[in-house]
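Participant: This is the structure, below, for whatever I ask next.
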Amino acid sequence: MKNRKKEETGLSRRNFLKTSAALGMAATLSGLPGISEAAKGEAKKASTKSRRVPGMVNTVLGPLSPSKLGPTLIHEHFAFAYPGWEADATLGPLNFKEALKINLEVIKKAQKHGIKTIVDATPNDNHRDPLLYKALAEKTGMNIICSTGLYTDHEGSPTYFTTKKKFYGTDLVKFISEIFITEITKGIGNTGVLAGVIKVGTSPKMTPYEEEVHKAAVIAQKATGVPIITHTEGPTGGVEQADFLKKNGVDCTQLMIGHVSNSADIEYHKAILSRGVYIAFDRIGLEPYGKTEDHVRNIAELCKLGYANKILLSHDTVNYWWGRQMQAPEPLLKALANWRIDFISEKVIPALKEKGVTDEQIKQMMEVNPRNLFQGN
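Using the numbering used here, you'd call the opening residue of the sequence shown number 402 and step up by one each time.
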């Protein structure tokens, strides 16, 4: 904490830079295509009195230079729940202490293999818990980055937003972008935590609601300078998502299309990469969504083709489920045997080396690319 405080206070004219940079980024939105003037104006409004330090990464304990991120897992979940879990709170109440205990052990395993930063990719509507992440970071020294974002139409909580549009005529792009920008620049509720990344997701085919969420994400990215990471579904979802975000003015140097490992088709991976964005093999070990041998083969081949500078790796682990605890059936347990925070470090990196991937390329995917994603263009 002492080093981080020194790093933060060492910025000259910090308050001036925070205000002027935030307003300057908001002003750039005037040229964005496909987004209403009202929504663009929301960025300027929400950017005032920003606590965000330009050029730094928002971690749950404060600003951090991208150069200090180190080896990074770009898409994990310390704790997660699908919308509706609150209805079961009588029998499955929140157990913060249990979630904390389990994740302290998870982080120790990651640190054993040199992981310095973990991005928790839990959207707002999946019971994201900034205070849990803050407690974990304080107790372990792990750099933890919290998301702001919304999940998919069919597995998230769109009804809250869509009824506002239906009954009140609310401009959802403006409404949602205000949430994202505020959480990045001013903080999440009264937690004191600033979100450091935007997380959005699409169904197998992007829905109108998801389109509005993605437009809001672009506005927030332009206003704040934080990256967008995504959840995708379906065999072609990543291409559609990348094209839609590009059409709406996204900064491709700060866009990572997630879950490309859902597909074993390397041509699909190359199609997304041709859009100039990052891709993430971020469900490694989650066997129902792809075999490890397929991931290793495709990552190694993409590295041979010169794409190591555009690939990131992670597991998409859920280390604690909020709500009533359930015992998974034996077939599911078997399928999830490798779904753990240290699987890439213990098994996948050695397998990649056997396929000819160099230490330099592994460092590129695990350390350099996350740094560049947060730095942007």
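Every residue gets a Cβ at the ideal spot worked out from N, C-alpha and C, and that includes glycine.
1) Is there contact here, the region 726-738 with the region 754-763, by at least three beta-carbon pairs under 8 angstroms?
2) Report the residue from M766, K705, L753 whose alpha carbon sits nearest the alpha carbon of K711.
3) List, from N- to C-terminal side, the beta strand (DSSP E) runs of 3 residues or more that fit wholly inside the region 436-522.
4) Give the DSSP bridge partners of L551, in chain order.
5) Could you pull out every unbroken alpha helix (DSSP H) segment of at least 4 residues lying fully inside the region 645-682, listed in chain order?
6) On the DSSP bridge assignment, give the partners of W740 in chain order.
7) Identify every run of the beta strand (DSSP E) within the region 589-639, keeping only runs that are complete inside it and at least 3 residues long; order them along the chain.
8) Return yes when at least one heavy atom of the ligand ZN lies under 7 angstroms from the C-beta of S466, else no.
9) Take the Cβ of A729 as the centre, count every other Cβ of all protein chains shown within 10 Å, and call the residue buried at 16 or more, exposed below.
10) Please confirm whether E613 and S604 have their CB atoms less than 8 angstroms apart.
11) DSSP on N720, reduced to helix/strand/coil?
12) Alpha carbon to alpha carbon, how far is G471 from R772? Give it in angstroms, no decimals.
13) Taking all protein chains shown into account, do 16 or more other C-beta atoms lie within 10 angstroms of the C-beta of Q726, making it buried, or fewer, making it exposed?
14) Between T460 and A538, how many whole angstroms is the CB-CB distance? I'm expecting something under 8 angstroms.
15) Within the same chain, show all residues whose beta-carbon is closer than 7 angstroms to that of G691, passing over the 5 residues directly before and after it, in chain order.
16) For T549 versus I630, is the C-beta spacing smaller than 8 angstroms?
17) Classify F568: buried if its beta carbon has 16 or more other beta carbons within 10 angstroms, exposed otherwise.
18) Is the distance from the Cβ of V520 to the Cβ of I742 below 8 angstroms?
19) Classify A488 as buried or exposed, calling it buried when 16 or more other Cβ atoms lie within 10 Å of its own Cβ.
20) Go to I763, then tell me how far its alpha helix (DSSP H) extends in each direction, as first and last residue.
Facilitator: To lay it out plainly:
1) No, they do not touch.
2) Per the C-alpha coordinates, the member of M766, K705, L753 positioned closest to K711 is M766.
3) Those beta strand (DSSP E) runs which fall completely within the region 436-522 and span 3+ residues are 458-460, 463-465, 473-477, 518-521.
4) Looking at the DSSP assignment, L551 forms a beta bridge with V601.
5) Qualifying alpha helix (DSSP H) stretches, in chain order: 667-674.
6) Per DSSP, none; premise fails for W740.
7) DSSP runs (the beta strand (DSSP E)) wholly in the region 589-639: 598-602, 629-632.
8) The ligand ZN is absent from the structure shown, which contains no ligand whatsoever.
9) By the Cβ neighbour-count rule, A729 is exposed, with fewer than 16 other Cβ atoms within 10 Å of its own.
10) Against a cut-off of 8 angstroms, the Cβ pair of S604 and E613 comes out as no contact.
11) Annotated three-state conformation of N720 is coil, per DSSP.
12) The alpha-carbon of R772 is positioned some 8 angstroms away from that of G471.
13) Burial check for Q726: the Cβ neighbour count within 10 Å stays below 16, so the residue is exposed.
14) Sure, about 7 angstroms apart at Cβ, within 8 angstroms.
15) In its chain, beyond the 5 residues on either side, S662, N663, A665, R684 have a beta carbon closer than 7 angstroms to the beta carbon of G691.
16) Contact: no.
17) Of the other Cβ atoms in all chains shown, fewer than 16 fall within 10 Å of the Cβ of F568; this residue is therefore exposed.
18) No.
19) The residue is exposed, with fewer than 16 neighbouring Cβ atoms inside 10 Å.
20) For I763, the uninterrupted alpha helix (DSSP H) segment begins and ends at 760-764.
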